[in-house]
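By the working numbering, the letter at position 138 of the sequence shown is numbered 119, and the numbering carries on one by one without gaps. Heads up, the thing below is written out as structure tokens.
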Amino acid sequence: MSITTNPCAMSQDSAHRIAITGTPSSGKTTVAEFALANSNTGWLLSVISDKELAEKNGVLGEIDSNDGAQPIDVEKLATTLSEQWKQYPDSDMLIDGHLSHLLPVDAIVIIRCNPEVLQIRMQERGWSKSKIDENAEWELLGAAWNDEHEWGDTPVLELDSTETSVDSLFSHIETWARDGFKPKSPEQRIDWITVLHGE
-18 MSITTNPCAM SQDSAHRIAI TGTPSSGKTT VAEFALANSN TGWLLSVISD
32 KELAEKNGVL GEIDSNDGAQ PIDVEKLATT LSEQWKQYPD SDMLIDGHLS
82 HLLPVDAIVI IRCNPEVLQI RMQERGWSKS KIDENAEWEL LGAAWNDEHE
132 WGDTPVLELD STETSVDSLF SHIETWARDG FKPKSPEQRI DWITVLHGE
């Protein structure tokens, strides 16, 4: 599925909807929770997850008995939100979730993490080996993040959470947003295959 752009025209003076996406356990929800708990920094914003949006709009599926996941009909959700979000929000909104970049947002933050560290995080959460391997491979290949044409004109910020504190990640995002989402795209993309295997 391609990226759905926000029907509003970008304006630095307007509030925006910002997706925080990434492979599960990369740290995106930790950043979103930190943002919510530290809203006294002067950056007025709200935080919601893609799952909450799906539930509110009736596009959240039944719980899968195999892995406990609840599928989201992303295409229906994106279409619905495109109608609902024709106006800018009252304050900047962070949308947390590994599918959030597929929604009609104004900017996208991708949280990346070294796959080896990602595996440890998932093991600590008690995930199954198959789920750990699947997500670690997904992060290693970075398939969802490598097709730059998918983003269109939507500004994208890519951050490495491997050894970066949550407050530093949040500070990067806040500075980027306040500066009009500049630069509009990463100067150098994270390539875990090269980092880990030198290929």
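Yeah, the Cβ is synthetic: ideal placement off N, Cα and C, and Gly gets one too. Nothing here was measured: the structure is a model prediction, and the numbers come from that model.
Proximal residues to residue i (C-beta, below 8 Å), its chain only, five neighbours per side dropped
i	result
Leu138	Ala88, Ile89, Val90, Ile91, His153, Ile154, Trp157, Phe162, Pro167
Ser7	Ile92, Arg93, Cys94, Leu99, Glu120, Ser142
Lys(-1)	Checking the displayed sequence, the identity of residue -1 turns out to be Ile instead of Lys. Asp73, Met74, Leu75, Ile76, Val86, Asp87, Ala88, Ile89, Val90, Ile154, Ala158.
Ile29	Met74, Leu75, Ile76, Asp77
Residue i, buried or exposed, once every other Cβ within 10 Å from all chains shown has been counted against 16
i	result
Pro164	exposed
Asp73	buried
Thr4	buried
Gln169	exposed
Glu120	buried
Leu83	buried
Ser111	exposed
Ala13	buried
Arg159	exposed
Bridge-paired residues (DSSP) for residue i
i	result
Met74	Arg(-2), Ser27
Val90	Ile1, Leu138
Leu41	Ile53
Straight-line gap, residue i to residue j (C-alpha atoms, nearest Å)
i	j	result
Lys37	Asp31	10 Å
Ile76	Phe151	14 Å
Thr135	Gln68	17 Å
Asp114	Leu17	31 Å
Gly78	Gly179	30 Å
Glu97	Lys9	17 Å
Ala117	Asp45	21 Å
Leu34	Ser81	10 Å
Trp132	Ala59	15 Å
Arg102	Leu25	31 Å
Glu144	Ile171	14 Å
Thr2	Ser146	17 Å
Asp148	Leu140	13 Å
Thr11	Trp126	20 Å
Phe15	His(-3)	19 Å
Beta-carbon proximity list for residue i, same chain, < 6 Å, skipping 5 on both sides
i	result
Leu177	none
Ser(-5)	Tyr69
Asn19	none
Sequence-distant residues of the same chain with beta carbon closer than 7 Å to residue i, five excluded per side
i	result
Ser27	Ser72, Met74
Ala50	none
beta-carbon residue i near the ligand PLP non-hydrogen atom, thresh 7 Å
i	result
Ile92	The model depicted lacks the ligand PLP and carries no ligand whatsoever.
Validate contact between the stretch 53 to 62 and the stretch 38 to 45 using beta carbons, cut 8 Å, 3 pairs: Contact between the stretch 53 to 62 and the stretch 38 to 45 is present: three or more C-beta pairs spanning the two stretches fall below 8 Å.
Any 3 or more C-beta pairs closer than 8 Å across the stretch 106 to 118 and the stretch 61 to 78: no
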